[in-house]
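Peer 1:
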Amino acid sequence: LRNARGELRRGGTLKALRVLEERGYWRLPEPRAAAGESNRRRPRRLGRPVEPPDGVPSRAGQVRGLELVEVRPEDDGLVRTWNELMETEHPLEDARMVGRQLRYLVGSDHGWLGAVGFGSCALRLAARDEWIGWDGPMRRQFQDRVLGMRRFLIRPCVRCKNLASRVLGMVAKRVGADFKRRYGFEPWLLESFVNTAEYEGTCYRAANWLRIGESTGRGRNGPGRPAVPRKDIYIRVLNRHWRRDMGIRPKSERITALGLEESLDNAGWVEAEFGTAELGHKSATARLVHIAGAKARAPSAPFTECCNGNRHGLKAVYRFINRKHGLMTPAGILSGHRRRTIRRISGYKTVLAVDDMTRLDFSNRLGCNGLGQIGSNQTGAVSSGLNMHSMLAFSETGLPLGVLCTDIYASHFNTGDKAHDRPIGEKESVRWLNTFDELAEVSEWVPGTRLIKISDREGDLFELFDHRRRSARNVDLLVRACHDRRLEDEPLKLFAHMESLPAMAAATVSVPRQRETRGKPGEPARAALPARTAKIRLRWARVKLRPPRKPSTRHMRPVDIWAILLTEPDPPAGAKPVRWLLLTTVPVESRRQALRCTSWYNKRWRIEEWHRVLKSGCRIEAHQHQSAAALAIAIAIDAVIGWYVMALTLLGREAPGLPCELVFDPLECSLLEELQPLVAPDTMRGQKKGL
41 LRNARGELRR
51 GGTLKALRVL
61 EERGYWRLPE
71 PRAAAGESNR
81 RRPRRLGRPV
91 EPPDGVPSRA
101 GQVRGLELVE
111 VRPEDDGLVR
121 TWNELMETEH
131 PLEDARMVGR
141 QLRYLVGSDH
151 GWLGAVGFGS
161 CALRLAARDE
171 WIGWDGPMRR
181 QFQDRVLGMR
191 RFLIRPCVRC
201 KNLASRVLGM
211 VAKRVGADFK
221 RRYGFEPWLL
231 ESFVNTAEYE
241 GTCYRAANWL
251 RIGESTGRGR
261 NGPGRPAVPR
271 KDIYIRVLNR
281 HWRRDMGIRP
291 KSERITALGL
301 EESLDNAGWV
311 EAEFGTAELG
321 HKSATARLVH
331 IAGAKARAPS
341 APFTECCNGN
351 RHGLKAVYRF
361 INRKHGLMTP
371 AGILSGHRRR
381 TIRRISGYKT
391 VLAVDDMTRL
401 DFSNRLGCNG
411 LGQIGSNQTG
421 AVSSGLNMHS
431 MLAFSETGLP
441 LGVLCTDIYA
451 SHFNTGDKAH
461 DRPIGEKESV
471 RWLNTFDELA
481 EVSEWVPGTR
491 LIKISDREGD
501 LFELFDHRRR
511 SARNVDLLVR
521 ACHDRRLEDE
531 PLKLFAHMES
541 LPAMAAATVS
551 VPRQRETRGK
561 PGEPARAALP
571 ARTAKIRLRW
581 ARVKLRPPRK
591 PSTRHMRPVD
601 IWAILLTEPD
611 PPAGAKPVRW
621 LLLTTVPVES
631 RRQALRCTSW
641 YNKRWRIEEW
651 HRVLKSGCRI
661 EAHQHQSAAA
671 LAIAIAIDAV
681 IGWYVMALTL
691 LGREAPGLPC
701 ELVFDPLECS
711 LLEELQPLVA
721 PDTMRGQKKG
731 L
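Be aware that the sequence shown starts at 41, since it is given in the numbering used here, and climbs by one per residue.
1. Could you tell me whether the Cβ atoms of Arg140 and Tyr223 are closer together than 8 Å?
2. Considering only the alpha carbon of each residue, which of Ile448, Glu254, Glu133 and Lys335 lies closest to Glu170?
3. With DSSP as the reference, label Thr624 as helix, strand or coil.
4. Taking C-alpha atoms, which residue in Ser375, Tyr144 and Phe505 lies nearest to Met210?
5. For His429, which of helix, strand or coil comes out of DSSP?
6. Helix, strand or coil: how does DSSP classify Gln141 here?
7. Should Trp314 and Leu328 be called a contact, given that it needs their Cβ atoms to be closer than 8 Å?
8. Using DSSP with H/G/I as helix, E/B as strand and the rest coil, what is Trp472?
9. If you measure from the CB of Arg206, is any heavy atom of the ligand GDP nearer than 7 Å?
10. Taking Arg631 as part of the alpha helix (DSSP H), name the residues at either end of that continuous run.
11. Buried or exposed, going by whether 16 or more other CB atoms sit within 10 Å of the CB of Ala571?
12. Skipping 5 residues on each side, what residues in its chain have a beta carbon closer than 6 Å to that of Cys197?
13. So, with DSSP's three-state summary, where would you put Tyr388?
14. Under 6 Å Cβ to Cβ from Ala332, same chain only, skipping five residues before and after it: list those, please.
15. I'd like to know whether the C-beta atoms of Pro227 and Phe233 end up nearer to each other than 8 Å.
16. Contact check, Ala100 vs Asn202 under 8 Å by CB: the rounded distance?
17. One question on the structure: do Ile660 and Leu654 come within less than 8 Å of each other, judged by their Cβ atoms?
18. Please classify Val422 as buried or exposed, where buried requires at least 16 other C-beta atoms within 10 Å of its C-beta.
19. Does Leu606 come out as helix, strand or coil in the three-state DSSP assignment?
20. Please look up how many angstroms separate the CB atoms of Ile492 and Arg644, rounded, as I've assumed it's under 8 Å.
21. Taking only three categories from DSSP, how would you classify Arg50?
22. Could you pull out every residue in the same chain whose Cβ sits closer than 8 Å to the Cβ of Ala56, ignoring the five residues on either side in sequence?
23. Determine whether the beta carbon atoms of Ala450 and Gly412 lie at a separation below 8 Å.
24. Which residue marks the beginning of the beta strand (DSSP E) containing Pro440, and which one marks its end?
25. Helix, strand or coil for Glu107, going by three-state DSSP, please let me know.
26. Can you check DSSP and say which residues form a bridge with Leu585?
27. In terms of residues, what are the limits of the beta strand (DSSP E) holding Gln413?
28. Excluding the 5 residues preceding and the 5 following Val138 in the sequence, name in chain order all residues of the same chain whose CB lies nearer than 7 Å to its CB.
29. Rounded to whole angstroms, what's the CA-CA distance from Leu517 to Leu142? Just pull it up for me.
30. Can you tell me which of Gly287, Val96 and Gln102 puts its alpha carbon nearest to the alpha carbon of Ser592?
31. Span of the beta strand (DSSP E) holding Asp551?
32. Tell me the DSSP secondary structure of Leu304 in three-state form.
33. Could you pull the start and end residues of the beta strand (DSSP E) that Ala155 belongs to?
34. Span of the alpha helix (DSSP H) holding Ser205?
35. Within the same chain, show all residues whose beta-carbon is closer than 6 Å to that of Ala732, passing over the 5 residues directly before and after it, in chain order.
36. Mind checking which residues open and close the beta strand (DSSP E) that includes Ile194?
Structure representation (structure tokens):
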């Protein structure tokens with residue numbers, strides 16, 4: 041047996057001989073050891089602590105001479121230094137790495153800052169194997185192409201912002217060539233784990249690693265071994281053609297399109313949307329279907345009413361919602377619905393993915409654990425609750441296709457520092473990048489569908505535009521501008537530059553109704569106004585945005601983007617004039633293209649309608665659970681029910697000729713037919729009634 045370089049595979053052969061010995065095939069001599077030594081592995085060490093680095097600056101960009109130093113077996117001093125760091129400063133201490141290995145020390149003019157170690161990847165990893173899409177034989181054939189980052193250490197004495205993500209980026213650029221030189225072939229994927237009980241994985245996300253799921257906690261050796269903590273799994277792609285090189289079928293060939301009308305079947309929609317949720321056991325999924333079905337029959341009712349007073353059924357509901365299991369998360373609840381949403385998306389040429397955040401007020405839950413601050417009034421009284429950031433998919437006509445993701449969380453980031461000094465991964469605004477990554481993953485399933493991510497002014501982040509340029513150009517952005525940014529090669533800033541252009545076209549846009557708001561100090565009251573059609577002037581141009589001067593972005597390159605300015609010269613009395621500045625990666629070179637982008641942005645209000653359905657129709661703020669985790673599970677169930685209610689309403693408007701039996705049972709259809717002459721006589725035409 042020989043490796044890729046033609047060398048004999050001694051280590052693997054010796055291990056195989058010992059495994060076969062354990063299975064009773066033969067009896068081998070005892071391993072030989074030098075006189076006075078045991079067979080236990082003893083790594084070479086310095087015998088003293090590694091000198092702490094001196095004068096390390098507070099930011100990675102200021103570190104002098106930052107470099108990766110490869111640790112080769114023949115470099116005795118480097119080997120001892122690496123081992124000493126792991127034994128004394130890494131949580132795993134002397135735990136052994138296996139397989140083909142590479143080691144690096146993180147060096148600088150200040151001293152040793154950390155260390156990195158690579159070895160074989162996990163033998164079996166459910167979330168990774170599903171993400172890759174390989175079967176058993178293919179996994180055995182190509183598993184060597186997945187390299188595991190088994191050790192990653194930034195020394196505890198080092199306090200340097202962005203150093204970890206900088207080192208991860210340096211490693212990703214170098215490890216492929218170093219591995220090929222030593223072992224004769226290149227890895228295509230890097231794999232790593234993050235213990236979320238101690239770390240958040242911020243540096244991985246900042247370095248373009250992708251979180252693909254969670255481990256089961258069994259460890260490398262599987263069942264029967266001591267359990268280890270569950271960890272988040274991160275992947276870094278080194279070869280962008282890795283699926284093609286493995287011969288894995290594209291994701292688009294593994295799904296079939298699903299029509300929205302098929303998804304709204306009255307009899308089986310709950311089973312279809314929840315029945316394939318991944319919750320760790322089929323009994324948990326069956327319980328989810330039962331609970332969702334009861335809640336769907338009375339969306340605004342509490343669980344006590346949904347269970348018809350059955351205390352055993354109610355106890356089962358609360359036991360399910362409070363179940364502590366790694367897969368019992370909003371993402372797990374939505375997993376089956378998300379897959380069906382992707383199938384619905386695949387049936388359209390263009391789909392709008394709208395993301396937005398709403399605040400959920402649970403101030404009256406005095407004993408609820410895990411809530412955060414969501415705001416305060418002019419008297420200083422603090423409201424507690426949760427934030428809910430979601431992304432919904434819509435057709436170009438505004439029909440809701442499903443919920444792609446929802447993140448229900450309490451604010452937890454440290455607000456002591458100035459926000460603009462922190463990198464995006466350490467701020468709550470990173471959620472806008474997370475939803476983009478979610479949509480980029482969806483795009484792999486639907487390559488024939490154009491995906492447009494639409495956000496309001498809160499999503500106007502230079503880091504988002506830069507992230508899209510670096511990671512996924514197959515997903516377009518459409519964001520309403522909030523910041524008056526500097527432009528490359530232009531004396532004026534963004535807003536002034538666009539207003540200096542002559543009007544290029546006229547059009548009309550629909551403006552949603554304006555709700556009445558009470559006045560606050562420094563903010564006058566606003567009267568309620570009905571929905572209206574506004575006459576606007578259009579201007580558009582291609583601009584190059586310069587990065588903000590803050591430390592975390594000033595090193596980035598300018599971003600090319602299209603800007604569309606909509607202004608309303610003559611608004612009606614009491615109405616705020618329309619003044620939208622939209623930024624998009626979609627080319628805008630004509631009136632038709634500008635109006636299409638404007639029409640897309642108009643659909644952004646549909647997600648706010650969904651929020652109203654959740655708060656008024658499903659009454660998600662009335663849940664009485666005593667922990668934020670339980671509230672998140674209940675709200676995730678309501679999220680799908682709210683989508684169904686909204687889809688029924690809008691589908692009835694867009695396609696009134698659909699058969700009534702599509703969403704109502706025969707008895708309900710008969711009742712509607714009897715009531716129709718009384719409530720809507722003009723719709724009676726002597727034929728089968730529709731929606």
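Beta carbons are placed, not taken as given, at the ideal position from N, Cα and C, and that holds for glycine.
Peer 2: Taking the geometry as given:
1. Yes, these two residues count as a Cβ contact at 8 Å.
2. Ranked by how close their Cα comes to the Cα of Glu170, the residues Ile448, Glu254, Glu133 and Lys335 have Glu254 in first place.
3. Three-state DSSP puts Thr624 in a strand.
4. Met210 has its Cα closest to that of Tyr144, out of Ser375, Tyr144 and Phe505.
5. Three-state DSSP puts His429 in a strand.
6. The three-state reading of DSSP puts Gln141 in coil, since its state is none of H, G, I, E or B.
7. In the sequence on display, residue 314 carries Phe and not Trp. By the CB criterion at 8 Å, Phe314 and Leu328 fall inside the cutoff.
8. Helix at Trp472.
9. Ligands in the displayed structure: none, and consequently the ligand GDP is not present.
10. Secondary structure note for Arg631: its alpha helix (DSSP H) is the uninterrupted segment Arg631 to Asn642.
11. Ala571 is classed as exposed because its beta carbon has fewer than 16 other beta carbons within 10 Å across all chains shown.
12. Excluding sequence neighbours, Cys197 sits near Pro92.
13. If DSSP states are grouped into helix, strand and coil, Tyr388 belongs with coil.
14. Within the same chain, Ala332 has close Cβ partners Val310, Phe314 and Ile677.
15. No, the Cβ-Cβ distance between Pro227 and Phe233 is not below 8 Å.
16. Correct: roughly 4 Å between the Cβ atoms.
17. Remark: C-beta atoms of Ile660 and Leu654 approach each other more closely than 8 Å.
18. Val422 comes out exposed.
19. DSSP places Leu606 in strand when its eight states are reduced to three.
20. Contact check for Ile492 and Arg644: beta-carbon distance about 11 Å, past the 8 Å limit, so the pair fails to qualify.
21. In this structure, Arg50 counts as helix in the three-state DSSP scheme.
22. If we look at Ala56 and ignore the five residues flanking it on each side, it has no Cβ neighbours.
23. When the beta-carbon positions are compared, Ala450 and Gly412 come within less than 8 Å of each other.
24. Unbroken beta strand (DSSP E) run through Pro440: Pro440 to Tyr449.
25. It is a strand residue.
26. Looking at the DSSP assignment, Leu585 forms a beta bridge with Leu527 and Val599.
27. Gln413 -> beta strand (DSSP E) spans Gly412 to Ser416.
28. Counting only residues of its own chain and dropping the five nearest sequence neighbours on each side, Val138 has a CB closer than 7 Å to the CB of Gly159 and Ser160.
29. It is roughly 39 Å from the alpha-carbon of Leu517 to the alpha-carbon of Leu142.
30. Restricting attention to Gly287, Val96 and Gln102, the CA atom closest to the CA of Ser592 is found in Gln102.
31. Note on residue identity: the sequence assigns Val, not Asp, to residue 551. Looking at the DSSP string, the run of the beta strand (DSSP E) that includes Val551 is Ala545 to Val551.
32. Reduced to three states, the DSSP call for Leu304 is coil.
33. Looking at the DSSP string, the run of the beta strand (DSSP E) that includes Ala155 is Gly154 to Ser160.
34. Element bounds for Ser205: Leu203 to Tyr223.
35. There is no way to answer for residue 732, as the model of the chain reaches only from 41 to 731.
36. In the DSSP assignment, Ile194 falls within the beta strand (DSSP E) that extends over Val186 to Ile194.
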